[in-house]
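Trainee: Before I ask anything, here is the structure I am working with.
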Amino acid sequence: MVNCLTVNFCQRGNALLHHLEKGNKWSYGTTQADYEYRGSTVIIYIQLRYLLAHRDYLESRLSQFMTNSPQQIRVCLCFHDIHDVAENLMVKVNALCLKYEFSLLCAYSLADVAKYITSLGRESDIDVRRALRTAEKEQLPLPKIKGLLNEKDIRKVMTVKGTLAEVFRSSAHDLSLVPGIRPARCQLLWKIFNSPFGGKSPEVSYADEYPDSHLLTQDESFARIFGTQVIQRRKTTSQK
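Under the numbering used here, the first residue of the sequence shown is numbered 66, with each subsequent residue one higher.
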């Protein structure tokens, strides 16, 4: 089921309207937003090309909703129709969305923009905020690392520490107190968390310090996630 969509008169003539699905009933009406679903979901639509010529437009639109109900779902739908200066503009768009508490959605075609608008109006009887809270609880704040931490280990750590900040502040000894996490893993995690962010950590022979070399990660993408390089040096024997 799709709710009836109210479209602001200022959107008249927008080519986007031709891309809306036939099942999405819409009509022009009076609304602060560009697109609105019964007051529960408001959508501000912006094209980067337009924003390039009207720098203050987006902030003036988003600021109109500062006093609105906190239960209202507010979405800024951004259409990437330029590429050369898109990165700089998106920094501004992202900052404004954070300032005025809007969720930011980006699309690269009018058809995708229309799909987002249609999706936001589906299943009106579902409590979107409750669904988002449930989804947050289901997300793990640490990545599953092959050979180092699996999903079960991460849940144990978060159950004991409570927050990711507490995990980062923990010493190697504190981490070792988490049931089921081996000391070798705790030592390696502590070294990773305390390495310079974005730099290179000293070459540490983890294989020398920890004989359980099979616990060490062989996935270099993990090192990039934490902004450091984990270097595993193996002992080599001299040729006879």
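For each residue, glycine too, the CB sits at the ideal point set by N, CA and C.
#1: Which residues share a DSSP beta bridge with C143?
#2: Determine whether the beta carbon atoms of N73 and T96 lie at a separation below 8 Å.
#3: If you follow the alpha helix (DSSP H) that S312 is part of, which residue opens it and which one closes it?
#4: Which runs of the beta strand (DSSP E) fall wholly inside the region 68–109 and span at least 3 residues, in chain order?
#5: What did DSSP end up calling I246 once you bin it into helix, strand or coil?
#6: Which residue's Cα is closest to the Cα of A172: C75, Q137, I111, D121?
#7: According to DSSP, which residues form a beta bridge with I138?
#8: Kindly indicate which residue of H238, A179, S235 has the alpha-carbon position closest to the one of N79.
#9: Please work out which residues of its chain come closer than 7 Å, Cβ to Cβ, to A98, disregarding the five sequence neighbours upstream and downstream, and give them in chain order.
#10: Would DSSP call S260 helix, strand or coil?
#11: Secondary structure at N215, three-state DSSP: helix, strand or coil?
#12: How many Å lie between L113 and S174 at the Cα?
#13: What does the Cβ neighbour count give for L85, buried or exposed, with the cut at 16 atoms within 10 Å?
#14: If you follow the alpha helix (DSSP H) that V158 is part of, which residue opens it and which one closes it?
#15: Nearest to L169 by alpha carbon, out of F144, V222, Q76, M131?
Mentor: If we stick to the structure as given:
#1: Position 78 of the sequence shown holds residue 143. Note: C143 sits in a beta bridge opposite I111, C171.
#2: Locating residue 73 in the sequence shown gives position 8, counting from the first residue. Locating residue 96 in the sequence shown gives position 31, counting from the first residue. Against a cut-off of 8 Å, the Cβ pair of T96 and N73 comes out as a contact.
#3: Outside the displayed range of the chain (66 to 305) lies residue 312, so it cannot be described from this structure.
#4: 70–73, 91–94, 100–102
#5: The residue given as residue 246 occupies position 181 in the sequence shown. Correct three-state label for I246: coil.
#6: By 1-based counting over the sequence shown, the position of residue 172 is 107. The shortest Cα separation from A172 among C75, Q137, I111, D121 belongs to I111.
#7: On the sequence shown, position 73 is the one that residue 138 refers to. Answer by DSSP bridge pairing, in chain order: T106.
#8: One-based indexing of the sequence shown puts residue 79 at position 14. It is A179.
#9: Position 33 of the sequence shown, counted from the start, is the residue given in the question as residue 98. Here the set comprises N73, V107, I108, I109.
#10: Counting from one through the sequence shown, the residue named residue 260 turns up at place 195. DSSP places S260 in coil when its eight states are reduced to three.
#11: The residue given as residue 215 occupies position 150 in the sequence shown. Reduced to three states, the DSSP call for N215 is coil.
#12: Indexing the sequence shown from 1 puts residue 113 at position 48. Indexing the sequence shown from 1 puts residue 174 at position 109. L113 and S174: Cα-Cα distance of roughly 12 Å.
#13: One-based indexing of the sequence shown puts residue 85 at position 20. Classification of L85: buried, given that the 10 Å Cβ count is 16 or more.
#14: Translated into positions along the sequence shown, residue 158 becomes position 93. Element bounds for V158: 151–164.
#15: Mapped onto the sequence shown, residue 169 falls at position 104. Selected option, being the one with the closest Cα: F144.
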